[in-house]
Structure formats: C-alpha cells, structure tokens
Amino acid sequence: MSAPTKRHVPLTLGYKKNKASVRGKDKKVTLNLTSMIDMFTILVVFLLKSYSAEGQIVTLSDALTLPESRSDQKIELNLEIIVTNDAIIVDGEPIVFVDESVLGEGNPIPVLVERLSDHLEYTRQMRGTIDEAEMKVNIQGDVATRAILLQRVMSSCAQAGYATQNLTVIKVEGGEEQ
Amino acid sequence: MAKAATGRSHRIRHSPELDLLPIMNLFCVIIPFLLLSASFLEISIIEMSPTEGISAGAGTTSLAQSEEQQLQPKIILTNEEMFLGTVFGTRSISRVFLENRDGEMVNSYDYEVLSDALGDFRGELDAAFPTIPVHKITILTVDDVRYDNIVMTIDVCAIHGFDQPGLQVAAYSVLQRQILAGAGGVSP
Chain P
29 MSAPTKRHVP
39 LTLGYKKNKA
49 SVRGKDKKVT
59 LNLTSMIDMF
69 TILVVFLLKS
79 YSAEGQIVTL
89 SDALTLPESR
99 SDQKIELNLE
109 IIVTNDAIIV
119 DGEPIVFVDE
129 SVLGEGNPIP
139 VLVERLSDHL
149 EYTRQMRGTI
159 DEAEMKVNIQ
169 GDVATRAILL
179 QRVMSSCAQA
189 GYATQNLTVI
199 KVEGGEEQ
Chain D
33 MAKAATGRSH
43 RIRHSPELDL
53 LPIMNLFCVI
63 IPFLLLSASF
73 LEISIIEMSP
83 TEGISAGAGT
93 TSLAQSEEQQ
103 LQPKIILTNE
113 EMFLGTVFGT
123 RSISRVFLEN
133 RDGEMVNSYD
143 YEVLSDALGD
153 FRGELDAAFP
163 TIPVHKITIL
173 TVDDVRYDNI
183 VMTIDVCAIH
193 GFDQPGLQVA
203 AYSVLQRQIL
213 AGAGGVSP
C-alpha cells in the first residue's frame with residue numbers, strides 16, 4: 029500500500045499552512061510559552077522545597093490518625109508498634125486485641141513483652157551483638173488512644189529491653205530543629 | 033519622488049527569539065519526578081524518657097535521687113483539671129473543657145495557661161538553682177486521657193526546655209494523693 033498523498037492527509041495545521049503559503053499569506057503560528065514557563069518555574073521551586081531525598085521510612089497505617097506536634101526530631105528506622113483502639117500491631121502483625129481487660133490494668137502486657145523479646149533476641153542472633161540503636165521502637169498511636177493503653181505498651185517495651193520509645197507524630201510548623 | 037538618502041543602512045532588525053521548547057521538555061521530565069518524590073506529610077518523633085513508678089509516699093523524694101530528679105516538674109491530667117506539680121508546690125492550671133476536634137466533642141485543657149505557668153516555673157528554677165539543668169518532666173495522667181492531649185502537653189513542655197518527657201498513668205485516687213502531698217512545696 030502506498031503512502032497517502034498530501035491531498036489524502038486529513039486537514040491538519042501543516043496542510044493548511046501549505047495551502048496558505050501557496051496563496052502567499054504565510055503566517056507563522058507561534059505558541060507563547062512564557063507564561064507556561066513562569067508557572068512551571070513556580071511549580072518546580074515548590075516541589076523542590078518539598079522534595080525528600082531520604083524517602084519515606086515509615087508506613088502510616090490507615091486505621092489511625094497520628095497526633096500533630098511541633099517536634100522536629102527526625103524519624104529513624106526502628107521496630108514499628110501500631111496502637112489503635114482495636115489492636116496492638118508489632119511489625120505488621122496483630123499481637124493483642126484491645127478489650128476491657130487490656131484497658132483495666134496498668135502492667136506490661138505479657139504477650140506483647142514476649143513478642144518484643146523474641147524480636148530483640150532474633151536481632152541479637154542475626155547480628156551477633158546488639159547496640160543502643162537497635163533497642164528503640166517507634167510507637168504509632170491513634171489520637172483517641174487512651175493513656176492506659178499507651179502506658180502499657182511503653183512499659184511492655186521497657187520490660188522487653190527496648191529502652192527508648194519514640195512516639196511517631198505528624199510535624200506541624202513552628203518546631204525547633206534538633 | 034525619490035526617497036532622500038540618509039546614509040543609514042536599512043537592515044531589518046529581527047528580535048532574537050528564545051527557543052523555550054528544550055526548557056519545556058526539561059520541566060516536563062522534572063515535574064513528574066518531583067511530584068513522585070515529594071513528601072507533603074512530614075513525620076517526626078518525640079523521644080520519651082523512662083519513668084519510675086509512683087512511690088507510695090507520694091511527694092517525698094529519696095536522698096538517692098539526683099538533684100534533677102528532685103526538681104523535675106509533674107503535670108497531672110485528670111478528667112476534671114490539670115495541675116502543675118513542682119518543687120515549689122502543686123497548683124491547679126485549668127479546668128477541663130469540651131472542644132470540637134474533627135467533629136467529635138472531646139476533653140481538652142488550656143495549654144496557653146500551662147505555657148505561662150511553665151514559663152514562670154522555668155524562671156524561678158533558673159533563679160533558685162542556676163547550676164542544675166532540668167530537662168525532664170513527668171506527665172501523670174488518669175487512665176482515659178486521650179493521646180492527643182498528652183502530645184499537646186509534651187509540646188508545651190518542650191517550648192520551655194522540658195524536652196525529656198516521661199509518661200505515668202495512675203488511678204485517680206493515686207493522683208489525688210500526689211496533688212495533696214505536693215500542695216506544700218518549698219519556697220523558691
């Protein structure tokens with residue numbers, strides 16, 4: 029099949045232009061890109077400001093709303109504990125389902141202590157040794173979590189050997205660099 | 033009539049046109065890349081310091097405790113009131129009021145009054161014990177205080193240099209004993 033001739037090509041800008049040039053009324057159509065460049069420049073500056081080279085090292089659960097804080101302390105990659113009003117999840121695995129018995133006492137939760145101890149022991153075996161950086165946990169709690177539940181999780185962490193407990197929060201403006 | 037010769041050349045001046053297409057191409061590549069790697073939600077952490085259990089003899093300090101531990105303030109959150117317990121005594125800060133947060137009416141406290149009180153305490157502390165740096169603070173709450181109220185309290189404390197918060201939860205009766213025991217305090 030032969031290539032279509034110019035006459036068979038649908039009416040395009042190029043075709044029209046050719047026709048116009050034959051008539052001697054050639055007008056060069058130029059697109060004014062300046063305003064678009066202005067807009068793109070603003071967009072690029074804004075996006076560069078919110079650019080994160082470190083990437084997201086924490087996965088936020090849909091089941092909870094984190095509280096907001098002015099704290100500016102950078103998050104580190106640690107063991108994640110998610111505390112909602114329904115369950116306590118360690119490293120993506122639900123460990124304790126929250127009911128009245130869990131909210132009724134103030135001591136460490138044995139099942140959670142056991143799971144956290146196992147995790148610490150596993151880390152120790154895998155690396156041969158364990159340093160202070162590995163004895164940290166990040167706790168993601170829902171805004172409506174009750175203090176007793178948070179305190180039980182924190183005391184469970186302390187009993188299992190996780191000496192440092194970090195509360196994960198959403199940073200709001202007004203914080204001081206640490 | 034012939035045009036008079038001016039002696040000037042009549043070259044047509046073309047205004048130089050900048051070819052913006054390569055810049056547009058560059059932007060078209062950069063913008064999707066930046067959109068993908070932009071983080072619009074910034075996550076940070078609050079490092080909690082370990083706390084000790086509440087002693088039966090509330091308000092008394094043992095000799096074994098460090099000077100900083102003896103001076104560290106306590107913020108007591110109950111379902112009715114917020115208190116500030118310091119070495120100078122325990123006093124009420126604000127009553128609980130209801131606040132609408134995301135369409136839900138929840139208990140809240142007056143954090144501005146707390147900020148003023150902590151600022152005053154920091155001033156008194158620096159004047160009375162200038163050599164002892166106090167950074168620790170204990171948040172002492174009843175069972176059902178909301179997590180966001182705890183975080184807001186920690187935020188206010190951090191503004192005044194109390195940036196090593198600890199959390200303790202106790203029954204209301206225990207907190208009552210703490211408040212009564214700390215009502216005396218010492219003069220600054």
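Those protein sequence lines, which keep their order, are chains P and D.
Under my numbering, the first residue of the first sequence is numbered 29, with each subsequent residue one higher.
Under my numbering, the first residue of the second sequence is numbered 33, with each subsequent residue one higher.
Every residue, glycine too, gets a C-beta built ideally from N, C-alpha and C.
Computed from a predicted structure; not experimentally measured.
Closest by C-alpha distance to residue i, when choosing among the options
{"i": "E162(P)", "options": "A188(P), I117(P), N113(P) and G132(P)", "result": "A188(P)"}
{"i": "G117(D)", "options": "N111(D), L150(D) and E144(D)", "result": "L150(D)"}
{"i": "I167(P)", "options": "N135(P), E142(P) and A115(P)", "result": "A115(P)"}
{"i": "M241(P)", "options": "S69(D), S71(D), E74(D) and I63(D)", "result": "In the structure displayed, chain P extends from 29 to 206; residue 241(P) sits before or after that span and is not available."}
{"i": "I117(P)", "options": "S89(P), Q101(P) and S129(P)", "result": "S89(P)"}
{"i": "E113(D)", "options": "Q104(D), P105(D), Q208(D) and R127(D)", "result": "R127(D)"}
{"i": "S63(P)", "options": "I75(D), E74(D), S76(D) and L52(D)", "result": "L52(D)"}
{"i": "F194(D)", "options": "I55(D), D152(D) and V61(D)", "result": "D152(D)"}
{"i": "F72(D)", "options": "F74(P), R155(P), G169(P) and S78(P)", "result": "S78(P)"}
{"i": "A91(P)", "options": "L177(P), C185(P), A175(P) and D170(P)", "result": "D170(P)"}
{"i": "V181(P)", "options": "R143(P), Q101(P) and D100(P)", "result": "R143(P)"}
{"i": "S76(D)", "options": "M154(P), Q101(P) and L75(P)", "result": "Q101(P)"}
{"i": "N135(P)", "options": "I176(P), M154(P), F74(P) and S99(P)", "result": "I176(P)"}
{"i": "L207(D)", "options": "N111(D), F65(D) and S69(D)", "result": "N111(D)"}
{"i": "P138(P)", "options": "G156(P), M154(P), S183(P) and R152(P)", "result": "S183(P)"}
{"i": "E133(P)", "options": "L76(P), L178(P) and Y190(P)", "result": "L178(P)"}
{"i": "T69(P)", "options": "L68(D), S69(D) and L58(D)", "result": "L58(D)"}
Whether residue i touches residue j by CB criterion (9 Å)
{"i": "I107(D)", "j": "I125(D)", "result": "yes"}
{"i": "E160(P)", "j": "T192(P)", "result": "yes"}
{"i": "R154(D)", "j": "H192(D)", "result": "yes"}
{"i": "V165(P)", "j": "L71(P)", "result": "no"}
{"i": "L105(P)", "j": "V124(P)", "result": "no"}
{"i": "R178(D)", "j": "T112(P)", "result": "no"}
{"i": "E74(D)", "j": "I65(P)", "result": "no"}
{"i": "S145(P)", "j": "A190(D)", "result": "no"}
{"i": "R123(D)", "j": "F115(D)", "result": "yes"}
{"i": "L103(D)", "j": "L157(D)", "result": "yes"}
{"i": "Y143(D)", "j": "D187(D)", "result": "yes"}
{"i": "I109(P)", "j": "C185(P)", "result": "yes"}
Under 7 Å from the C-beta of residue i: neighbouring residues of chain P
{"i": "D180(D)", "result": "P95 and V171"}
{"i": "I55(D)", "result": "I65"}
{"i": "F59(D)", "result": "F68 and V72"}
{"i": "I62(D)", "result": "V72"}
{"i": "L67(D)", "result": "L75"}
{"i": "T173(D)", "result": "A175"}
Closer than 9 Å at the beta carbon, the chain D residues around residue i
{"i": "Y190(P)", "result": "Per Cβ cutoff of 9 Å: no residues; Y190(P) is ~10 Å from chain D at best."}
{"i": "L178(P)", "result": "Y179, I182, L199 and V201"}
Own chain residues within Cβ distance below 7 Å of residue i, not counting five before or after
{"i": "E201(P)", "result": "none"}
{"i": "V218(D)", "result": "With a pLDDT of only 45 at V218(D), under 50, the local geometry of the prediction cannot be trusted, and the value read off the model is given with reservation. V119 and F120, listed in sequence order."}
Chain P residues whose Cβ lies nearer than 8 Å to that of residue i
{"i": "P82(D)", "result": "A186 and A191"}
{"i": "F72(D)", "result": "S78"}
{"i": "I77(D)", "result": "S99, Q101, K102, I103, E104, N166, N194, L195, T196 and V197"}
Own chain partners of residue i with C-beta closer than 8 Å, once the 5 adjacent residues on each side are dropped
{"i": "Q196(D)", "result": "E79, S81, H167, K168 and I169"}
{"i": "I182(D)", "result": "L109, I171, T173 and L199"}
{"i": "Y190(P)", "result": "L107, L144, L148, M163, K164 and V165"}
{"i": "E131(D)", "result": "M137, V138, N139 and S140"}
{"i": "T151(P)", "result": "I158 and E162"}
{"i": "E223(D)", "result": "What is shown of chain D runs 33 to 220, which leaves residue 223(D) out entirely."}
Per-residue contacts from residue i into chain D (C-beta, under 8 Å)
{"i": "T112(P)", "result": "The contacting residues do not exist; T112(P) stays about 11 Å from chain D at best."}
{"i": "I116(P)", "result": "Near I116(P) there are no residues of chain D at all, since even the closest Cβ is about 13 Å away, more than 8 Å."}
Cutoff 6 Å; reference residue i; Cβ partners in own chain excluding five residues on either side
{"i": "T185(D)", "result": "I107 and I171"}
{"i": "L75(P)", "result": "none"}
{"i": "Q101(D)", "result": "none"}
{"i": "L50(D)", "result": "none"}
Within chain D, the residues that residue i reaches when beta carbons sit closer than 7 Å
{"i": "G134(P)", "result": "V201"}
{"i": "A161(P)", "result": "None at all; the shortest Cβ gap to chain D is about 13 Å."}
Neighbour list for residue i in chain P, Cβ cutoff strictly below 9 Å
{"i": "D142(D)", "result": "None at all; the shortest Cβ gap to chain P is about 18 Å."}
{"i": "S147(D)", "result": "Neighbours of S147(D) on chain P: none; closest Cβ ~12 Å, over 9 Å."}
Chain B contact residues for residue i, given Cβ-Cβ distances below 8 Å
{"i": "M182(P)", "result": "The structure shown contains no chain B; the protein chains it does contain are P and D."}
Next on the checklist: Whether or not the region 87-98 of chain P and the region 154-164 of chain D are in contact is what I'm after, with contact meaning three or more pairs of Cβ atoms, one per stretch, closer than 8 Å; do they touch?
Outcome noted: no
Item to check | the region 164-174 of chain D contacting the region 200-211 of chain D, beta-carbon criterion three pairs below 8 Å | outcome: yes
Next on the checklist: Quick test of the definition: if touching needs 3 or more C-beta pairs under 8 Å, does the region 57-68 of chain P touch the region 142-149 of chain D?
Outcome noted: Pairwise C-beta distances place the region 57-68 of chain P out of contact with the region 142-149 of chain D, as fewer than three of them are shorter than 8 Å.
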